[in-house]
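Let me begin by presenting the structure, written as structure tokens, before commenting on it.
Protein chains: 2
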Amino acid sequence: MPEKRTIPAQSENFSEWYIQVVLNSGLAEYAPVRGCMIIKPYGYALWQNIQTELDRRIRETGHLNVYFPLLIPVSFFAREAQHIEGFAKECAVVTHYRLHWDAHQQQIAPDPDAQLTEPYVIRPTSETIIWHTFRKWIQSWRDLPIKINQWANVMRWEMRPRLFLRTSEFLWQEGHTAHATRQEAEQEARQMHQMYLEFFREYLAIEPYTGWKSPRERFAGAEQTYTLEGIMRDGKALQMGTSHFLGQNFARAFDVQFTTQEGTREYVWATSWGVSTRLIGALVMAHGDDHGLRLPPRLAPIQVVIIPIWGKDEPAVEDACQQIARMLQQAGIRTHIDLDREHRPGWKFHEYELRGVPVRIVIGPKDIQQRAVEVARRDTGEKQTLPWNDQLPTAIHDLLHTIHNTLLNQYKAFQQQITVEATSFQQMAQALQDGKVVCVPWAGSDHHEEQLQEQHNVTIRCLWTDDYEEPCIVTGQKTRVRALIAPAY
Amino acid sequence: MPEKRTIPAQSENFSEWYIQVVLNSGLAEYAPVRGCMIIKPYGYALWQNIQTELDRRIRETGHLNVYFPLLIPVSFFAREAQHIEGFAKECAVVTHYRLHWDAHQQQIAPDPDAQLTEPYVIRPTSETIIWHTFRKWIQSWRDLPIKINQWANVMRWEMRPRLFLRTSEFLWQEGHTAHATRQEAEQEARQMHQMYLEFFREYLAIEPYTGWKSPRERFAGAEQTYTLEGIMRDGKALQMGTSHFLGQNFARAFDVQFTTQEGTREYVWATSWGVSTRLIGALVMAHGDDHGLRLPPRLAPIQVVIIPIWGKDEPAVEDACQQIARMLQQAGIRTHIDLDREHRPGWKFHEYELRGVPVRIVIGPKDIQQRAVEVARRDTGEKQTLPWNDQLPTAIHDLLHTIHNTLLNQYKAFQQQITVEATSFQQMAQALQDGKVVCVPWAGSDHHEEQLQEQHNVTIRCLWTDDYEEPCIVTGQKTRVRALIAPAY
Numbered sequence: 052m053p054e055k056r057t058i059p060a061q062s063e064n065f066s067e068w069y070i071q072v073v074l075n076s077g078l079a080e081y082a083p084v085r086g087c088m089i090i091k092p093y094g095y096a097l098w099q100n101i102q103t104e105l106d107r108r109i110r111e112t113g114h115l116n117v118y119f120p121l122l123i124p125v126s127f128f129a130r131e132a133q134h135i136e137g138f139a140k141e142c143a144v145v146t147h148y149r150l151h152w153d154a155h156q157q158q159i160a161p162d163p164d165a166q167l168t169e170p171y172v173i174r175p176t177s178e179t180i181i182w183h184t185f186r187k188w189i190q191s192w193r194d195l196p197i198k199i200n201q202w203a204n205v206m207r208w209e210m211r212p213r214l215f216l217r218t219s220e221f222l223w224q225e226g227h228t229a230h231a232t233r234q235e236a237e238q239e240a241r242q243m244h245q246m247y248l249e250f251f252r253e254y255l256a257i258e259p260y261t262g263w264k265s266p267r268e269r270f271a272g273a274e275q276t277y278t279l280e281g282i283m284r285d286g287k288a289l290q291m292g293t294s295h296f297l298g299q300n301f302a303r304a305f306d307v308q309f310t311t312q313e314g315t316r317e318y319v320w321a322t323s324w325g326v327s328t329r330l331i332g333a334l335v336m337a338h339g340d341d342h343g344l345r346l347p348p349r350l351a352p353i354q355v356v357i358i359p360i361w362g363k364d365e366p367a368v369e370d371a372c373q374q375i376a377r378m379l380q381q382a383g384i385r386t387h388i389d390l391d392r393e394h395r396p397g398w399k400f401h402e403y404e405l406r407g408v409p410v411r412i413v414i415g416p417k418d419i420q421q422r423a424v425e426v427a428r429r430d431t432g433e434k435q436t437l438p439w440n441d442q443l444p445t446a447i448h449d450l451l452h453t454i455h456n457t458l459l460n461q462y463k464a465f466q467q468q469i470t471v472e473a474t475s476f477q478q479m480a481q482a483l484q485d486g487k488v489v490c491v492p493w494a495g496s497d498h499h500e501e502q503l504q505e506q507h508n509v510t511i512r513c514l515w516t517d518d519y520e521e522p523c524i525v526t527g528q529k530t531r532v533r534a535l536i537a538p539a540y
Numbered sequence: 052m053p054e055k056r057t058i059p060a061q062s063e064n065f066s067e068w069y070i071q072v073v074l075n076s077g078l079a080e081y082a083p084v085r086g087c088m089i090i091k092p093y094g095y096a097l098w099q100n101i102q103t104e105l106d107r108r109i110r111e112t113g114h115l116n117v118y119f120p121l122l123i124p125v126s127f128f129a130r131e132a133q134h135i136e137g138f139a140k141e142c143a144v145v146t147h148y149r150l151h152w153d154a155h156q157q158q159i160a161p162d163p164d165a166q167l168t169e170p171y172v173i174r175p176t177s178e179t180i181i182w183h184t185f186r187k188w189i190q191s192w193r194d195l196p197i198k199i200n201q202w203a204n205v206m207r208w209e210m211r212p213r214l215f216l217r218t219s220e221f222l223w224q225e226g227h228t229a230h231a232t233r234q235e236a237e238q239e240a241r242q243m244h245q246m247y248l249e250f251f252r253e254y255l256a257i258e259p260y261t262g263w264k265s266p267r268e269r270f271a272g273a274e275q276t277y278t279l280e281g282i283m284r285d286g287k288a289l290q291m292g293t294s295h296f297l298g299q300n301f302a303r304a305f306d307v308q309f310t311t312q313e314g315t316r317e318y319v320w321a322t323s324w325g326v327s328t329r330l331i332g333a334l335v336m337a338h339g340d341d342h343g344l345r346l347p348p349r350l351a352p353i354q355v356v357i358i359p360i361w362g363k364d365e366p367a368v369e370d371a372c373q374q375i376a377r378m379l380q381q382a383g384i385r386t387h388i389d390l391d392r393e394h395r396p397g398w399k400f401h402e403y404e405l406r407g408v409p410v411r412i413v414i415g416p417k418d419i420q421q422r423a424v425e426v427a428r429r430d431t432g433e434k435q436t437l438p439w440n441d442q443l444p445t446a447i448h449d450l451l452h453t454i455h456n457t458l459l460n461q462y463k464a465f466q467q468q469i470t471v472e473a474t475s476f477q478q479m480a481q482a483l484q485d486g487k488v489v490c491v492p493w494a495g496s497d498h499h500e501e502q503l504q505e506q507h508n509v510t511i512r513c514l515w516t517d518d519y520e521e522p523c524i525v526t527g528q529k530t531r532v533r534a535l536i537a538p539a540y
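Going down the list, the sequences are from chains A and B. For the first sequence, the working numbering begins at 52 and goes up steadily by one. For the second sequence, the working numbering begins at 52 and goes up steadily by one.
Here is the structure:
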């Protein structure tokens, strides 16, 4: 394996810390394809755990999984005006369907005789091809609602790629639904937004800010975009997921009408919603510390690592490790024993700290004698001795639960502490300069928002309403709307 | 929903029967992208059930899931001579990374200013990019073996596409492993071949022919290709999965060497193996009958459908259906109630027959009175009355098990009956004319095989050895090798 590079402290260089943690913990590495990554076994196991639970929740709320093609005819993008504006600019275009040996250039190259009459785009998102198909699926109110989801890869050409956070190709799920009424579609968009929030809280141990996007930050083609904005440890916001109420925009663009119960013809109402492998970046940056990852137990590929202290009687220690591992595995705890003889325990401690394994159990000759094990928590570093008996799996289960709650509470405390309220533009500017994220009364326009970005390099991450009115920091107009203003990934 | 087209009898027009069953049962439909399909909820649920069990077996045998990029630089294909010969001819080529508005042509088009210096190919398979990466991952014998797998979409441009069987894009898993010795790699290739066989037998209720491919039919770049060849109900063979021993070909092409325990440098040994959404086509064609699908119970998205016969007291019937559904669901049986009021029971019977649901339970006023339910089997059409009591879930469980075995035995009987042995070329030719698949002693060359294809439109599907020698049907040379000769998909 290649030599490890040093991981700087978060406070020293957060973005270098991030990259080195991702690389050294074995989550992912750069691919020999511009802007793309290789998701390594540890990273993929994390994604698969996210997938399993999220898929369960998506199906439980009545959605069915499907698979639509990777390639989308270019002309489909021309249909929805804003959509092409937002997506067609940064996409991979397929123009040929064969390679040949180019004798002139002495290399293999696209065969000019195999040029497509209409080029294809690798999907940046699938609204267009799905609504093209909904036209065939939907005739009457009886065909509605349609609630589907797909797990897929998508591509958006990235000029400044960053592992998990911004890669040209990424993995995601995209939900797409079609409804007979505006109300039902709006409710669906909000319901999935809420589903994401619960999933993030219960599995990622992150409770992000929630609200809707300003018109400027909306999904291309949406009437309303609901968002979840986590604050990372460097004080920057990360958009963790979005749920869009698409109005009748895609139905109009692809002429999808239905016959109502009253016999009239109406356009269908739409939503779409998704989260991606970016969530792995969120886990790293929301919980990680100077020693590496701190993974929330319900998603951690390894929940407990057992490390032997060999002593004189190696077989006895190995046997004890195996016995304890079996006990825990039988109780459904993802347990790994590191029996490697080449590295010393201290090296292993560091390794599993870096990889964020929530619980470490150390077993040596003394522990066997005393029928006890030393248990260390990754989140707080605390150690305790637990009796080695039938109750051990339950004790570890409880500990994993406690670790989840501790990570969640630490996250919430951090988010609260870094957020300040400002009632004037000047207060806001000062708070931003102090590295805070700021909550302000807001009734500004696109133009004001643009200025904000130009002057302070921040954006409105999300909007929500409060109970009382206050004067907007840019217009002075009284408003119940609040805006979260922060720098962002 | 669009009007249903008539499904012809299998004996009348098998290939039209196949297409109509796939379309009308809701497995998939054609996409507005050349050679591609949309996998609909029922088809995807089937695929997800295949995935879940196969993924379990792949992980259980020590393989870790990963994800490599969709795009592969064209130059990677030039490295392995046979591989490019086999794959580069039929692939989607990405040449641009942006679209723009072409004012001259008045349409959106690839932006000439955004042409890639090196084009990318959408992966037809991932050996090249994986072995490029293995070069970084492998230095010494300590880094071996590496055993990884990925679930991904792949593209091979198809001129004559057919739903599930041959589509330009399809979903699959591809395993890739790296080993220190030839022996270990060969054993891995055989082990995964065997794993597929067991999975097919235990979940698909298909026990295909197994063996290795002739040099002519091998995977491009393999030293040995192990294959599984199911015989479909029209007497054509379908390649259901392959496992390749790749020798040191890819290690040489990408210069992947390792330091042995003795300190020497050697090239790494490789395997790869995969199965795809084609398996859904196999399920349709191996078990389907003139009424539609017959799904093996362990993969069926719906294992039991409950159909009410309304009578006078609708709420009582609905309540009984719900009670029975709950009992079965609690026992882990995938149960669906069709409470639709618009269609008559007879219409529903046909519908779920078409969709291949293994067990149908009918509940009407009489059944409630008698505390009994009418249970019909999709595989044999047999009906029986079962008492409605605590034992019902166990009885249904047993019935599902019996249906699995019946489908498997029917498949095996069919395969045996359609296969004949021939000891001369003439016998073989006659048997092929009679619509049989033929097993013959074989010591022929590529050339003989080519003639076979030209004259009879058949190929050698697989080879294996028997206990005794017989003269080859083309060379007369004594051989223990047997060849299965058949027309194929």
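Heads up, the beta-carbon is just placed ideally off N, CA and C, and yes, glycines get one too.
Using 8 Å for Cβ pairs, my map puts residue i next to residue j. What's the rounded Cβ distance?
i, j, result
"proline 92 of chain B", "asparagine 116 of chain A", "7 Å"
"isoleucine 123 of chain A", "isoleucine 180 of chain A", "5 Å"
"alanine 79 of chain B", "isoleucine 70 of chain B", "Contact doesn't hold; Cβ gap of about 10 Å is too wide."
"glutamate 404 of chain A", "arginine 429 of chain A", "6 Å"
"glutamine 395 of chain B", "glycine 77 of chain B", "Note that residue 395 of chain B is arginine in the sequence shown here, rather than glutamine. The pair is not a contact, with the Cβ atoms about 20 Å apart (cut-off 8 Å)."
"arginine 108 of chain B", "methionine 246 of chain B", "6 Å"
For residue i and chain B, any beta-carbon pair shorter than 8 Å?
i, result
"valine 335 of chain A", "no"
"methionine 52 of chain A", "Any answer about methionine 52 of chain A is weak, because its pLDDT of 42 lies below 50 and its placement is not dependable; what the coordinates show is given next. Yes, contact with chain B."
"threonine 146 of chain A", "yes"
"glutamine 299 of chain A", "no"
"isoleucine 70 of chain A", "no"
"cysteine 87 of chain A", "yes"
For residue i, decide whether its Cβ has a neighbour in chain A, counting only Cβ atoms nearer than 8 Å.
i, result
"cysteine 142 of chain B", "yes"
"histidine 230 of chain B", "no"
"arginine 149 of chain B", "yes"
"alanine 129 of chain B", "yes"
"asparagine 100 of chain B", "no"
"threonine 184 of chain B", "yes"
"isoleucine 469 of chain B", "no"
"valine 326 of chain B", "no"
"leucine 535 of chain B", "no"
"alanine 82 of chain B", "yes"
Going by alpha carbons, who is nearest to residue i out of the options?
i, options, result
"lysine 287 of chain A", "A:Tyr260, A:Gln312, A:Arg269 and A:Ala376", "A:Tyr260"
"cysteine 142 of chain B", "B:Leu334, B:Leu379 and B:Ser177", "B:Ser177"
"arginine 267 of chain B", "B:Ile511, B:Pro522 and B:Asp518", "B:Ile511"
"glutamate 433 of chain B", "B:Gly415, B:Pro409 and B:Phe65", "B:Pro409"
Would you say the beta carbon of residue i comes nearer than 7 Å to a heavy atom of the ligand HEM?
i, result
"lysine 417 of chain A", "Among the components of this structure there are no ligands whatsoever, and the ligand HEM is therefore not found."
Show which residues of chain D have a CB atom less than 8 Å away from the CB atom of residue i.
i, result
"alanine 321 of chain A", "No chain D is part of this structure, whose protein chains are labelled A and B."
* Asked: Given 8 Å as the limit, is there contact between the stretch 269-284 of chain A and the stretch 294-308 of chain A, that is, 3 or more CB pairs closer than that?
  -> yes
* **Contiguous beta strand (DSSP E) assignments of at least 3 residues, all confined to the stretch 232-264 of chain A** => 260-263
* So does the stretch 157-166 of chain A actually touch the stretch 249-256 of chain A, counting three or more Cβ pairs closer than 8 Å? -> no
* Asked: Which ranges would you report for the beta strand (DSSP E) in the stretch 134-220 of chain B if only whole runs of at least 3 residues count?
  -> 144-147, 150-153, 158-161, 166-173 and 197-206
* **Unbroken stretches of the alpha helix (DSSP H), 4 residues or longer, contained in the stretch 60-93 of chain B** => 65-75
* Sequence ranges, alpha helix (DSSP H) only - wholly within the stretch 297-360 of chain A, length at least 4 -> 300-304 and 329-338
* **the stretch 463-481 of chain A contacting the stretch 440-454 of chain A, beta-carbon criterion three pairs below 8 Å** => no
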